[in-house]
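Chains as they are written, first to last, in my numbering: chain A, 1 to 357; chain B, 358 to 714.
There are 2 protein chains.
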Amino acid sequence: MAHPRPGPNLNKIAAEIGVSVATVSNALSGKGRVSAKLITRIRDKADELGYVPSLAGYALRTGRTGVIGLVLPDISNPLFPQIAQAIEFAASAIGYGVLLADSRGDVAMQTEAVNRLIEKDVDGIVIVPRRGTRIVDIGCPVAVIDSPSTPGNTVAADHWQGGQAVVEHLIGLGHRKLVLIGNNPSSTVQNDRIGGMRSRVRSDGQAEVLWIERLERERGQGCPLGLADRIARGFTAIAAVSDLHALRALTELHRAGITVPEDVSLTGFDDLTWASVVTPGLTTVRMDMPRIAEIAVRALASAIEGDRGNTSPRATIATSAEVAKVPMQLMVRQTTAPVASPSRTTDPYTLEGKSLC
Amino acid sequence: MAHPRPGPNLNKIAAEIGVSVATVSNALSGKGRVSAKLITRIRDKADELGYVPSLAGYALRTGRTGVIGLVLPDISNPLFPQIAQAIEFAASAIGYGVLLADSRGDVAMQTEAVNRLIEKDVDGIVIVPRRGTRIVDIGCPVAVIDSPSTPGNTVAADHWQGGQAVVEHLIGLGHRKLVLIGNNPSSTVQNDRIGGMRSRVRSDGQAEVLWIERLERERGQGCPLGLADRIARGFTAIAAVSDLHALRALTELHRAGITVPEDVSLTGFDDLTWASVVTPGLTTVRMDMPRIAEIAVRALASAIEGDRGNTSPRATIATSAEVAKVPMQLMVRQTTAPVASPSRTTDPYTLEGKSLC
DNA sequence: CCAGCCTGATTAAACGTTTAAGCTAGATAG
DNA sequence: CTATCTAGCTTAAACGTTTAATCAGGCTGG
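Right under this line is the structure:
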């Protein structure tokens with residue numbers, strides 16, 4: 001009624017060669033004292049038999065499973081694929097598996113998700129916290145992504161610098177009067193981005209910030225943002241805090257007969273997957289996810305591996321990369337152009353929105 | 358130098374109460390013969406101490422880890438979030454964890470990803486195969502999602518029926534001449550969708566299929582699809598095989614001064630996250646991911662749990678749901694409207710046949 | 001030549017769980 | 001009153017690994 005899990009084990013190899021299991025274990029892990037020739041002999045036999053070490057046995061003995069958990073806020077977050085892919089890649093590169101846990105947008109589910117992971121004996125957890133959530137003190141190493149306000153070890157994109165890069169790009173194209181579009185001023189990420197943008201506006205320039213949620217509270221869901229108005233008043237560029245808002249701006253502009261980038265330049269944030277396939281390609285700024293993931297995973301791994309000896313059940317915090325900030329990368333595409341350019345070669349584009357609002 | 362993993366174990370409970378570990382194990386799992394009062398006494402003690410069973414110990418003994426692997430083609434696939442979320446939800450609902458593995462779009466990486474999972478001792482694997490990949494015979498239960506052509510147990514959205522639903526909707530709105538947009542005829546998914554669509558075109562109607570990849574091979578990457586031309590020739594609706602292609606069509610239409618849905622109706626497929634936020638909201642058709650995931654996971658689970666006794670190292674195929682097909686759901690939004698609606702058309706500009714392509 | 005040391009191996013215990021098998025005592029049957 | 005059954009527990013082995021402790025010799029130094 002059970003399972004002698006198919007593959008060969010240390011015993012098999014040991015028996016086959018005629019030595020003890022301990023020797024085989026030592027040979028393969030390179031730890032004890034084994035003669036060179038015996039080591040190679042064992043190695044050969046091992047992959048002749050196609051030996052795969054049993055994680056269960058290893059885990060039981062060492063207390064380490066080689067698996068880390070990944071807790072995501074809500075998967076509907078369009079950034080999610082990038083994050084998951086990057087984490088999985090970074091983790092598997094150093095031999096860790098990634099257990100998924102989705103907190104489904106629910107704050108309570110987040111701790112519940114963490115518990116599920118702990119019950120699966122993960123060695124550590126990477127958390128991308130839901131906005132406004134605080135990471136509680138759990139009993140294993142944790143790395144937090146992109147919530148710089150959270151205490152403890154965190155790695156985040158440098159949103160401030162990203163904002164600076166966007167505005168520097170626009171300034172370089174000659175733009176002086178900018179409309180900045182955010183959603184909610186209570187988001188630290190958005191605030192960082194907006195802050196970075198403002199910090200690079202020239203003294204002879206001007207920046208007006210539009211907070212969408214506030215506007216919608218007054219004028220209703222999906223209301224126009226009054227962009228045409230601003231253009232008429234001399235604003236020449238619009239910088240949104242997210243690609244989604246940029247897309248919304250784009251439709252509003254076209255509805256008003258304003259073309260991008262001839263009449264006005266437009267930028268987004270995050271480089272969502274469709275940002276490059278849409279025409280014209282959206283100039284935006286992206287997080288260096290591979291790097292962020294690598295830092296997070298490495299920090300976690302070193303915390304885990306340094307954990308030996310620390311038997312305290314309380315949280316062990318990853319030591320390195322306490323608050324690493326990773327620069328963002330500007331992706332220049334077709335929605336930005338020099339101000340008042342007489343005639344661009346780029347195809348004029350009209351994604352003209354109808355109805356709604 | 359190590360790790361006596363913090364929490365209490367069966368031993369602790371046994372010692373505390375004064376019985377043997379076996380009894381505790383039996384009491385908690387409800388298997389052996391233990392008196393009722395002792396059971397409750399043990400139960401109480403267990404959660405008084407906050408007992409969490411060691412997965413490692415369990416796995417070692419039983420050969421089952423309670424973890425399934427999820428292999429995804431390439432995470433950049435915009436459908437990915439929905440899939441991952443649904444699988445994770447379905448799995449965790451019946452106590453399974455989900456180990457992530459991304460094959461990064463590379464066909465070779467797919468089997469490599471599978472191997473990574475097997476080395477982590479997963480009990481089974483859910484695969485969303487890359488287009489054109491065949492699932493090799495691996496040594497554990499497998500459920501395949503959305504590749505109906507693949508032999509073995511598969512659960513897939515009923516793309517054919519989805520196509521039918523789209524066209525039925527358009528027909529109901531009075532449309533007769535349809536342009537169908539696909540990407541690559543070698544994709545069985547796309548073929549199913551197109552096939553379903555054609556099967557519902559009325560005998561007094563007409564459907565012309567545009568294969569994007571073929572067109573681009575002739576006219577170059579990102580070329581116009583000649584939609585305005587078709588509209589001029591009396592086509593009143595465009596149905597794309599994916600939201601992405603629908604979006605592309607939308608931009609092309611607007612560039613030609615054709616408005617949606619007044620001049621022409623447009624539909625997509627998949628209900629990608631942005632499909633509802635874009636204006637006008639895209640009428641599309643979505644997979645019932647929660648249901649698909651549940652079927653896949655359940656099939657896998659029953660294969661795993663039925664595996665006891667089957668000691669063959671060869672693949673064990675999930676028995677139930679051999680080729681389950683799950684209906685798709687039509688999401689009617691703003692890009693479809695009755696044909697030739699007399700009212701709110703701004704003004705029927707006579708379509709200047711801006712001859713493209 | 002003997003005490004000690006290094007080398008290369010072995011033995012045995014431990015991690016936490018499940019489960020077949022064994023044991024004890026009270027109840028029942030004959 | 002003895003033989004048998006059974007409910008309720010215990011013993012012990014097993015899963016596959018790591019690792020501390022031990023051991024057998026060969027070598028070295030004195």
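Cβ coordinates follow ideal geometry from the N, Cα and C atoms, glycine included.
Query: CB contact check: B:W631 to chain A, cutoff 8 Å; Result: yes
Query: First and last residue of the uninterrupted alpha helix (DSSP H) at A:K12; Result: 10–17
Query: Cβ pair A:A213, A:N184 closer than 8 Å; Result: In the sequence under discussion, the amino acid at residue 213 of chain A is Glu, which differs from the Ala named in the question. Yes, these two residues count as a Cβ contact at 8 Å.
Query: Selection of the region 403–423 of chain B by Cβ proximity to chain A, strictly under 9 Å; Result: V409, P410, S411, L412, A413, G414, Y415, A416, L417, R418, T419, G420, R421, T422, G423
Query: Beta-bridge partners of B:G426, as assigned by DSSP; Result: B:L456, B:I482
Query: Where the beta strand (DSSP E) through A:L173 begins and ends; Result: Unbroken run through A:L173: none, as it is neither H nor E.
Query: When B:H602, B:I482, B:N434 are compared against B:A720, the one with the closest alpha-carbon; Result: Absent from the model: residue 720 of chain B. The displayed extent of chain B is 358 to 714, so no value can be given.
Query: Three-state class that DSSP yields for B:Q691 in the structure shown; Result: coil
Query: Beta-carbon proximity of A:V332 to A:V166, cut-off 8 Å; Result: no
Query: Residue burial classification, B:H526 (beta-carbon count within 10 angstroms, cutoff 16); Result: buried
Query: Contact list for A:S92 against chain B, beta-carbon separation under 7 Å; Result: R473
Query: Beta-bridge pairing of B:E565 - partner residues as DSSP gives them; Result: B:V536
Query: Start and end residues, alpha helix (DSSP H) containing A:T40; Result: 36–49
Query: 8 Å Cβ shell around A:P313 - same chain, five flanking residues per side excluded; Result: Unreliable placement is indicated for A:P313, whose pLDDT of 37 sits below 50; the coordinate value is still reported in the next sentence. Contacts found: G139.
Query: A:P261 classed as buried or exposed, judged by whether at least 16 other C-beta atoms fall within 10 angstroms; Result: buried
Query: Within 8 Å, strictly: CB atoms of B:T419 and B:D480; Result: no
Query: Where the beta strand (DSSP E) through A:L79 begins and ends; Result: Element bounds for A:L79: n/a, residue is neither H nor E.
Query: Contacts that B:V455 makes with chain A (C-beta to C-beta distance below 7 Å); Result: L99, L100
Query: A:E16 versus A:N26 - alpha carbon distance; Result: 16 Å
Query: Any chain A beta carbon closer than 8 Å to B:E662; Result: no
Query: Extent of the continuous alpha helix (DSSP H) run through B:V696; Result: Careful: B:V696 lies outside any alpha helix (DSSP H) and carries neither H nor E.
Query: Sequence-distant residues of the same chain with beta carbon closer than 6 Å to A:I292, five excluded per side; Result: V155, V326
Query: Cβ pair B:G375, B:Y408 closer than 8 Å; Result: no
Query: In chain order, each beta strand (DSSP E) run of at least 3 residues that lies wholly inside the region 552–632 of chain B; Result: 563–568, 594–597, 622–624
Query: Limits of the unbroken alpha helix (DSSP H) element including B:A418; Result: The question names Ala, but residue 418 of chain B in the sequence shown is Arg. Looking at the DSSP string, the run of the alpha helix (DSSP H) that includes B:R418 is 412–419.
Query: C-beta neighbour in chain B for A:P8, strict 8 Å; Result: no
Query: Sequence-distant residues of the same chain with beta carbon closer than 7 Å to A:I171, five excluded per side; Result: R200, R202
Query: Assigned exposure category for A:K37 - 16 Cβ within 10 Å defines buried; Result: exposed
Query: CB contact flag (B:T320, B:T624, <8 Å); Result: In this structure chain B extends from 358 to 714, so residue 320 of chain B is not present and cannot be described.
Query: Terminal residues of the alpha helix (DSSP H) in which A:T111 lies; Result: 107–119
Query: Exposure label - A:I68; buried when at least 16 CB within 10 Å; Result: buried
Query: Short CB-CB distance (under 8 Å) between A:K120 and chain B; Result: yes
Query: A:L99 and B:V428 closer than 8 Å at C-beta; Result: no
Query: Cutoff 8 Å; reference A:E252; Cβ partners in own chain excluding five residues on either side; Result: P224, L225, L227, A228, G353
Query: Per-residue contacts from B:G496 into chain A (C-beta, under 8 Å); Result: P6
Query: Interface flag, B:F626 vs chain A, CB-CB below 8 Å; Result: no
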